[in-house]
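Encoded as C-alpha cells, the structure appears first; notes follow it.
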Amino acid sequence: MPVLQCLALERRFDAENHPLRGVDLTVEAGEFVAITGPSGSGKSTLLSVLGLLDIPDAGAVRVDGIDTAAMSGRRLDALRGERFGFVFQDPHLLPGRTAAQNVALNAARLDPHDRSERILRVLGEVGLAHKALTRVELLSGGERQRVALARALVHRPSVLLLDEPTGSLDEETGDGIVGVLESLRNGGMALVVVTHDSRLAARADRHLSMRRGRLEGPAAPVPAAVVHAAVPLPVPPRARRRSAALLSDAVLGLLARPSRALVAVAIVAIGAGGLVAADALTVTAARQVDESVRSAAGSLVRITPTSADRDVAEADAERLAALDGVLHVGLRWDVSDLRAPVTRAPDAVLDASAGSVPVVALGGDAVAALGLVTAPASVGALLAAPAPVADSIALVGLEAAERLGVVPGADDAEGRAADLAGLRSRITAQLEQLVRSTGAVLLVLAIAGASASVWSAVAARRSEIGLRRALGASRAGIGALFVLESALTGLVGGGLGTAVGIGVVLAASAGQGWTPVLAVGVLVQGPLLGALVGGAAALIPARRSAAVEPARELRR
C-alpha cells in the first residue's frame, strides 16, 4: 500500500494563478522522490497539499490508503503531526532557544520519560549532539539546517517532505544533508524533495519535473527501480502530560523574548499595583476616618441647665475650659421658630372702628379704685410691672431675618453641627465608590495594554505559527499557547504589581502617620487578577493567531 498518494489534484488561487492541474503521484515507503522545475511551476504548492498544509480544490490525498478529504481540521492536524516531517529552505528556527529546544518543538507527542534521550539521539544522527545546548543564533547555516532536519525526524515520521533543503548551503554541507537523507531512505522512510539542485535530484530513486502545474515523469514507482524495503516505524506514544509540555513551551517562548515579555509584565504590574494600592489605601483611609469620627463623637460633651431659671453663664464656661483635657468650650442658645398664620381682615372691618370709639387709658391704681374687674373693649389696662412669660413671641421682619442669617456656602456648613455618624458612613461610601471607579479604569487600561502586546506578538510570530501548524499543532493549540503566555506574564506582573502596591501603601501610611490596613488575601488576589487580565486580553488575538494559514506563512 502506498504511504502517500494524490489523485487529480487541482489548486487554483485566482483566474491567473492555477498552480496544480490534475496532478497524480504515488510514493512508496522507502522511496526517494525528487521534483524539479522552474520557480512558480507549483512545486511548493504540491508539497503543501501533500503535507496537509493546504486543501486542494479538487482531487484526493491519501495517507496510508486513507482519504483525507472527509477528515476534520483537528484530525488533519493530528495526522500531519504523526505521519509527516517538514524541512524548508529557511530552517524556521525559533531565536533565543538552543538546538535541543528547537527540536523539542516537534517532540510533544513523545513519552516525557524518553523525550530528552530521543532529542539527543536525533541530534547525534545529524552530527550535532555536541551543539545541543548551543543557541541557534550561534550556529552556521549548515548546522541550522541540520537542526531543522533533526526537528523533522524526532518523532519518526513515515513521510519526510523537503522544500529546497540544500538551496542555501555550500556543496560540502549540502552533500552531508544528502547523505543523511539517503540513510533515512534506507531505513524505510519515504522522502519527497522539491529542489533546484540537479546533483540532489540525480541521487533520488525517481526524478519528476513540474511544468505549469503539471507533473511530468513516472507518477508511480517504476517496477524496475530499486525501492528499499519499508522498515516498520515505531508509533510514538502520546504524551500523558500535554499541558506540562505546553507550559514549558510557553515559558521558553517568554524567556526567548525578554524585552517583549518585560513590557507585558510592566503593563499588568501597573494595573494590578494601582488597583492593590487604591484598594488598600481606601481601606486604610476609611479606618482612619472612622477612628477620627468616633474620637470626635466621644469627645463632644453637651451641658444643659437643669432649670429654666438657671442659665449657663460665661463664668461657667471659663471654669469648664480650665479642666484638664478640655480643648474648647462654647455657649449655644437655641431659639425656636414658630410658624404663625396671617389672616387678612377686610377694609370694612378695619375702618369700622377707626376714630369712632373713645378710648381711655387707666393706670393700675385707677383700675383698682374703680373696681373694674373686666375692662370694656375701649379701656386699656396698664399693668404696674412687666410679667415675663415663656411663650413670648418676637416678630422679626424679613429684612432683619436676612441680615441675621448665615451666608450660604462654607460658612453655613461650618455654622451647623455635623451628623458625625452619618458623616462617617457617607465618607466610607464615597471612598468605596472612588476606588471602584479607579479600579475599573485601571483594569480596562491593563486589559487594553496587554491585548495590544499580544496583538504585536502575533504579528511578529506569524512564521512561527505557520511552523507550529506544520508540526501538527491545532488551531486551538496555537490559541492556547498565546493565552497561556499572556496569562503567565499577567501572573508575574500581578505579583510584581502587588509588591509595588503594598510598598506604596506602607510609604503613604508612614507619611500620614496612619496604621496601614492590608488584607492577607491581597497577596493571592493580585497575581490571580493579573493572570485573569493577561488571559482575557489574549482571547481575541489568540483567536486571530489560530486563523493563520501555515502554507502561506512558510512560503514567505
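For the sequence shown, UniProt numbering begins at 1 and goes up steadily by one.
Ideal Cβ placement from N, Cα and C applies to all residues, glycine included.
Keep in mind it's a predicted model, so treat the numbers as computed, not measured.
Distance between residue j and residue i (C-alpha atoms, nearest Å)
i      : j      : result
Leu181 : Asp175 : 10 Å
Met189 : Asp64  : 13 Å
Leu471 : Leu215 : 26 Å
Val458 : Ala285 : 43 Å
Ser486 : Gly477 : 14 Å
Arg151 : Ala510 : 58 Å
Glu31  : Asn102 : 28 Å
Ala239 : Pro112 : Residue confidence is low: Ala239 scores 44 on pLDDT, short of 50, so the model does not pin down where it sits. Its coordinate-derived value is still stated next. Taking the straight line from one Cα to the other gives about 6 Å.
Val226 : Ala201 : Note that Val226 scores a pLDDT of 46, beneath 50, so its modelled location is shaky and nothing firm can be said.
Gln512 : Leu281 : 11 Å
Val23  : Gly81  : 24 Å
Leu554 : Ala264 : 27 Å
Ala440 : Phe88  : 48 Å
Gly153 : Val122 : According to the sequence as given, residue 153 is Leu; it is not Gly. So the alpha carbons of these two residues sit roughly 7 Å apart.
Val533 : Gly449 : 10 Å
Phe84  : Arg436 : 54 Å
Lys43  : Leu79  : 22 Å
Gly526 : Ala107 : 35 Å
Val517 : Ala508 : 12 Å
Ala460 : Val289 : 51 Å
Phe86  : Ser243 : 24 Å
Pro221 : Gly213 : 20 Å
Asp90  : Arg462 : 14 Å
Val126 : Met71  : 34 Å
Leu434 : Ala256 : 40 Å
Leu320 : Leu327 : 10 Å
Gly96  : Glu117 : 22 Å
Ala390 : Arg287 : Low per-residue confidence applies at Ala390: pLDDT is 49, beneath 50, and the placement is therefore not dependable, though the value from the model is reported in the following sentence. Taking the straight line joining both Cα atoms gives about 47 Å.
Ser183 : Arg11  : 33 Å
Pro56  : Ser453 : 35 Å
Val41  : Asp114 : According to the sequence shown, residue 41 is Ser rather than Val. C-alpha separation (whole angstroms): 42 Å.
Residues near residue i by beta carbon distance below 6 Å, same chain, minus five either side
i      : result
Arg469 : Pro550
Ala29  : Val3, Gly188, Ala190 and Ala230
Asp77  : Gly472 and Ser474
Leu442 : Gly271, Gly274 and Leu275
Phe13  : none
Val61  : Cys6 and Thr68
Leu133 : Thr98
Met1   : Gly65
For residue i, the nearest candidate out of the options (CA to CA)
i           : options                           : result
Asp67       : Leu539, Leu160 and Leu9           : Leu9
Val522      : Ala272, His328 and Leu320         : Ala272
Gly493      : Arg302, Asp197 and Gly274         : Gly274
Gly530      : Leu323, Ala266, Arg555 and Arg462 : Ala266
Leu431      : Ser116, Ala60 and Val283          : Val283
Ala538      : Val483, Val444 and Asp54          : Val483
Leu27       : Val251, Gly51 and Gly179          : Sequence inspection shows Val at residue 27; the Leu mentioned does not correspond to that position. For the residues Val251, Gly51 and Gly179, the minimum Cα distance to Val27 belongs to Gly51.
Pro38       : Leu528, Ile303, Met210 and Ile540 : Met210
Glu314      : Thr304, Arg302 and Val329         : Val329
residue 593 : Arg426, Leu467, Leu528 and Ile55  : Examination of residue 593 is not possible in this model, given that the chain is present from 1 through 556 alone.
Ala129      : Arg109, Ala104, Ala100 and Ser140 : Ala100
Pro305      : Leu331, Leu327, Glu318 and Ser292 : Leu331
Residue burial classification, residue i (beta-carbon count within 10 angstroms, cutoff 16)
i      : result
Asn17  : exposed
Ala524 : Just to set this straight, residue 524 is Val in the shown sequence, not Ala. Looking at its Cβ environment, which holds fewer than 16 other Cβ atoms inside 10 Å, Val524 is exposed.
Pro19  : buried
Glu171 : exposed
Leu323 : exposed
Ile177 : buried
Gly73  : exposed
Leu481 : buried
Ile540 : exposed
Ala104 : buried
Arg302 : exposed
Ala369 : exposed
Val520 : exposed
Arg552 : exposed
Arg426 : exposed
Contacting residues, own chain, Cβ-Cβ under 7 Å from residue i (five flanking each side not counted)
i      : result
Ala277 : Gly501, Val504 and Val505
Arg543 : Gly479
Ala536 : Ile447
His228 : Interpretation of His228 is limited by its pLDDT of 48, a score under 50 that renders its predicted location unreliable; the figure taken from the coordinates is listed afterwards. Counting only Cβ-Cβ distances below 7 Å, and skipping sequence neighbours, we find Gly30, Arg185, Asn186 and Gly188.
Leu254 : Ala261, Glu485, Leu488 and Thr489
Leu93  : Asn102, Val136, Arg144, Val147 and Ala148
Val268 : Ala446, Ala450, Thr489, Gly490, Gly493, Gly494, Gly497, Gly530, Val533 and Gly534
Thr173 : Gly142
Beta-carbon contacts of residue i that lie in its chain and below 8 Å, excluding the five residues immediately before and after
i      : result
Thr195 : Ala34, Ile35, Thr36, Leu162, Glu164, Pro165, Thr166, Gly167 and Ala201
Val251 : Leu488
Min CB distance residue i to chain E below 8 Å
i      : result
Gly176 : This model lacks chain E altogether, as it is built from one protein chain only.
Pick out the complete beta strand (DSSP E) segments inside the region 158-218, 3 residues or longer, and give them in chain order. 159-163, 190-194, 206-211 and 214-216
Extract the residue ranges of the alpha helix (DSSP H) inside the region 82-106, only unbroken runs of 4 or more that lie entirely within it. 99-103
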